[in-house]
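Here the structure is laid out as structure tokens; the discussion comes afterwards.
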Amino acid sequence: NFKPHLMQGWSPDFISRLTEEAAAQQLIDVIQPVPGDEAMATSRRLAREEGIFVGTSSGATLHAALEIAAEAPAGANIVCMLPDTGERYLSTPLFADIGEDMDAAELEISRSTAGFRFDQGAAPAPQPARAPESARPILDPEAERLVDELTVEEPVVMFALEWCEFCWSARNLFGAMGVAYRSVDLDSVAYQEGELGNKIRAVLAARTGSPTIPQIYVGGKLIGGCTELFDYQRDGEFAKALSAMGMGHTTFEEDPYSLLPKWLHSRAS
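Counting from 135, one number per residue, gives the positions in the sequence shown under the numbering used here.
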């Protein structure tokens, strides 16, 4: 009895050919959503208890399989594939407690490739041409209403992804400053129904001019992503805005860029 169980992946706009064919042939009986924290917890358990080193998506796949196994009849066969490796996740919140500082040899290698050196500025990215009106996406009215509502009603709101290291870094700053904020995790189970998370993301991209996440608003004002938030805090403007809204917070004396994952080294200005 073939019952594939699917999870939302890291690329919300990509559907594999295998999945498309399974859906077209009506072979999918159940879609099993998996919360991000459960996926990461299962990945860590695999590494700790079984010596299997995989990433977040594989943790989500196994978590779904274990939930299905708990309800399956005796003697049922469950196939769970983990085609992944954990090395690429060392720089993410999944393995945040593992040291990642580069040693002297690694730093020397990093300096060997022009344009990708950490000790000199990066070339400015080319600006994309503005699309004609006819080519612009049609935005979902409900998603637009939600973005309007959240950015007006929430003093500090972050449109985020559950497993994104930049969202994680912004959360670290909010936590260090004791800032109460609303995190709208667009890839979470709560926003999967009707592709609402993707629809909200399209609204944000159209309004901000950037497809990247997170997008952070303070007092209804767009601050930008993680590094823009850090610059906003460095300049003292974040604390001023919080005080103006009557929001309690603590002083953060350290460089906020120290909250980024260890593999992200600051470039020269």
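All residues carry an ideal CB built from backbone N, CA and C; glycine is no exception. Keep in mind that this is a model prediction, so the values were computed, not measured.
Residue range 355 to 358 is occupied by the beta strand (DSSP E) that includes Lys-355.
Arg-316: member of the beta strand (DSSP E) spanning 316 to 319, first to last residue. Counting along the chain, Met-174 sits inside the alpha helix (DSSP H) bounded by residues 170 to 179.
DSSP, read as helix, strand or coil, puts Val-188 in coil.
DSSP links Ala-294 through a beta bridge to Asp-319.
If only uninterrupted alpha helix (DSSP H) runs of at least 4 residues are considered, those enclosed by the stretch 324 to 365 are 330 to 342. Per the C-alpha coordinates, the member of Lys-355, Thr-153, Arg-178 and Thr-219 positioned closest to Val-290 is Lys-355.
Taking the Cα positions, Pro-395 is about 22 Å away from Ala-314.
For Leu-161, the number of other beta carbons within 10 angstroms of its own is below 16, and it is reported as exposed.
Around the beta carbon of Pro-271, fewer than 16 other beta carbons lie within 10 angstroms, which makes this residue exposed. In the DSSP assignment, Thr-285 falls within the alpha helix (DSSP H) that extends over 275 to 287. For Ser-303, the enclosing alpha helix (DSSP H) has its first and last residue at 299 to 311. When only Cα atoms are considered, Gly-193 and Arg-245 end up about 35 Å apart. Between Leu-295 and Pro-348, the C-beta spacing is below 9 Å.
With 16 or more other CB atoms across the displayed protein chains lying within 10 angstroms of its CB, Ser-191 is buried. Distance check between Met-381 and each of Gly-331, Thr-342, Gly-312 and Ile-334 places Gly-312 closest, using alpha-carbon atoms only. Here Arg-182 is exposed: its Cβ has fewer than 16 other Cβ atoms, across all protein chains shown, within 10 Å. A distance of 9 Å or more separates the beta carbons of Thr-247 and Trp-297. Less than 9 Å divides the Cβ of Val-168 from the Cβ of Ala-198. Restricting attention to Gly-309, Glu-278, Asn-306 and Gln-367, the CA atom closest to the CA of Leu-330 is found in Glu-278. DSSP places Phe-372 in the uninterrupted alpha helix (DSSP H) bounded by 371 to 378. Val-337 sits away from Val-286, with the two beta carbons spaced by 9 Å or more.
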